[in-house]
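Residue numbers (the UniProt record's numbering): 1 to 661.
Below: one structure, written as structure tokens.
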């Protein structure tokens, strides 16, 4: 029921919008990558074979006949894809490594022999250990992973005389990440001691940038990509290129343009969630940390997708931390929510959710189209709860102010959508009544306050008898709702004031109002049901738009049991379903024949029927000629009254008067 728009969205922002935004960006990314690979052949694996073994830099004696290019154009695998390797991983706070034999024993985390790179063998190893955190890492330093990889039996220590760079290589990766700390909102109990108020109200010194902290995640995956193949190095995505290790001697083939690369070893941090990370600092030191390393293989397309997305998310987070504009206005937390959902949700339920997400978007667009079309063509206020529309404007505005008050966690896309919702509801008000600025009448509260003008709502035309009944039923429904809702609102406000903390009195008022909207917003749908009950009809309702909207409520129910959220919020998603079932009962009890014009001059959802009927020429009854003067005029007058559905005794009731409160 468009005039009784469903309950207000969650105060913290719509997670359905975040899911749709991330899904759209992912689809665009995949489509662009596919187009690039298919039509431009950039960044992908080529079909051409690598140079002959004689061209490989085995001895470094091959002469370069062409011009030497410092940045290679094409890179070829240096090792065969079915080779077995030995892997050692050391941790250290320094990027420089001494001889491996001089390293402390507890710094060696991984020591794997004979790991098969061939994907068909599906080799998988896991290591679980703990280590002592170096003091420099506690003091905002970086913990480095030194990864040494070599063909089985080859020397891994670069400082050893027998070390051969054609059979072994070294990778350096950070195990800690520098991320912006979440801003802490300073709140207080408004009824608390005055000294607390003075402390919390002191101005906070502004810093030139975000507060950065070092974070550590205990789970790491080392994924080898054996099928990387021949690749155009210059066109690789930066997030992918950083994991390619080129031949150590910087050798080139005869053309001087191409070189070789070692097997790609991807330090996979894609599934690391910030909520699972440990902050490292000297104020609250952590002396021992666990580390879990998984060694596996990964397809090239999976590696490219995950590395590109991971780098994109990190870049978005870095820009947001610096206060720069980011695509979509997000801060990287949207993808964090998606990853958390994918990790914690059953895959079948997740797939179902992805499908119904698309349906949610389709139904939302259809509901918007039908709702706007219904109100654009509506010519009367039969069955319309004008007070509900006004209440919806107020509730939407409250939510908008709440989002502004919590703008650190709200993207501009959410704010824009909320603002559009307010504009549409305000437009509905102008379609139902005239909004005018009038001089307040003597004795009114506006006159007592000395206001020069006050906003009044006036009927657009003289109300018919049915429209006056609608206004009366609307007033009764709101009176009963006020009896139940106002005490609940007062009780909630008192509870929040006594037990909760707030930034200021303004934040308290906004938070209390938005909490009431979120909890009791569905009550705004009750007046329309009450009007239907008293009129014993649902013919005036836009059934099509309502059906689309309630389909979305069931989709929201599925989201509620998929996305991680408090149990009370999950139960709150069921409230709209109750209203829908009541409407279904009313639609069954008050039958509507959509093949004829109803008692309100409407043909079901076909709003233009009334105009079509009114435009038909009037015909005199049989036996009555058109030349009979007064008799003809009398017949025409009766026919007009019949088509308009007006009652001659009630047509002029309440004409153009102000609406009662």
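Just so it is clear, CB atoms sit at the ideal spot from N, CA and C, and this is done for glycine as well.
Our contact map puts residue i next to residue j with C-beta atoms below 8 Å; I'd like the distance itself, whole angstroms only.
i: residue 662; j: residue 261; result: Any property of residue 662 remains undetermined from this structure, which presents the chain solely from 1 to 661.
i: residue 156; j: residue 263; result: The Cβ separation is near 14 Å, so there is no contact.
i: residue 304; j: residue 66; result: Between residue 66 and residue 304 the Cβ distance is about 29 Å, and since that is not below 8 Å, they are no contact.
i: residue 666; j: residue 400; result: In the structure as shown, the chain starts at 1 and stops at 661, and residue 666 therefore has no counterpart that could be examined.
i: residue 497; j: residue 191; result: 6 Å
i: residue 453; j: residue 538; result: Going by Cβ atoms, the distance from residue 453 to residue 538 rounds to 39 Å, so no, they are not a contact pair.
i: residue 110; j: residue 84; result: Not quite, the Cβ-Cβ distance comes to about 16 Å (not below 8 Å), so this is no contact.
i: residue 154; j: residue 168; result: 5 Å
i: residue 259; j: residue 248; result: Rounded, the Cβ-Cβ distance is 11 Å, inconsistent with contact.
i: residue 507; j: residue 489; result: Not quite, the Cβ-Cβ distance comes to about 17 Å (not below 8 Å), so this is no contact.
i: residue 367; j: residue 549; result: 5 Å
Could you please give me the residues that DSSP links to residue i through a beta bridge?
i: residue 168; result: 150
i: residue 177; result: 215
i: residue 129; result: 291
i: residue 91; result: 145
i: residue 260; result: 76
i: residue 437; result: 455
i: residue 188; result: 502
i: residue 225; result: 264
i: residue 232; result: 74
i: residue 366; result: Partner(s): none; residue 366 has no beta bridge.
i: residue 269; result: According to DSSP, residue 269 bridges with nothing at all.
i: residue 220; result: 293
i: residue 120; result: DSSP, once it has assigned bridges, lists no residue as partnering residue 120.
i: residue 246; result: 261
i: residue 497; result: Residue 497 is not bridged to any residue.
i: residue 111; result: 88
Under 8 Å, do residue i and residue j count as touching if we go by C-beta distance?
i: residue 386; j: residue 433; result: yes
i: residue 218; j: residue 290; result: yes
i: residue 86; j: residue 150; result: yes
i: residue 528; j: residue 352; result: no
i: residue 398; j: residue 265; result: no
i: residue 481; j: residue 531; result: no
i: residue 115; j: residue 295; result: yes
i: residue 425; j: residue 393; result: yes
i: residue 336; j: residue 428; result: no
i: residue 340; j: residue 239; result: no
i: residue 547; j: residue 577; result: no
i: residue 72; j: residue 141; result: no
i: residue 510; j: residue 405; result: yes
i: residue 145; j: residue 173; result: yes
i: residue 503; j: residue 186; result: yes
i: residue 512; j: residue 499; result: no
i: residue 342; j: residue 350; result: yes
i: residue 501; j: residue 268; result: no
i: residue 402; j: residue 514; result: yes
i: residue 143; j: residue 176; result: yes
i: residue 316; j: residue 133; result: no
Between the alpha carbons of residue i and residue j, how many angstroms are there, rounded?
i: residue 91; j: residue 159; result: 17 Å
i: residue 464; j: residue 535; result: 14 Å
i: residue 557; j: residue 314; result: 32 Å
i: residue 100; j: residue 164; result: 16 Å
i: residue 104; j: residue 178; result: 26 Å
i: residue 121; j: residue 298; result: 12 Å
i: residue 555; j: residue 587; result: 22 Å
i: residue 277; j: residue 307; result: 20 Å
i: residue 286; j: residue 138; result: 7 Å
i: residue 338; j: residue 359; result: 18 Å
i: residue 235; j: residue 242; result: 12 Å
i: residue 300; j: residue 580; result: 49 Å
i: residue 81; j: residue 119; result: 9 Å
i: residue 476; j: residue 467; result: 14 Å
i: residue 373; j: residue 431; result: 12 Å
i: residue 379; j: residue 369; result: 18 Å
i: residue 112; j: residue 127; result: 9 Å
i: residue 442; j: residue 451; result: 11 Å
i: residue 446; j: residue 440; result: 6 Å
Could you tell me if the beta carbon of residue i falls within a distance shorter than 7 Å of some heavy atom in the ligand NAP?
i: residue 104; result: No copy of the ligand NAP occurs in the structure displayed, which carries no ligand at all.
Check whether the segment 214-234 and the segment 276-283 touch, using three or more Cβ-Cβ pairs below 8 Å as the test.
yes
Just checking, does the segment 418-437 make contact with the segment 449-464 on the three C-beta pairs under 8 Å criterion?
yes
For the segment 219-232 against the segment 67-86, do three or more pairs of beta-carbon atoms, one drawn from each stretch, fall closer than 8 Å, so that the two count as touching?
yes
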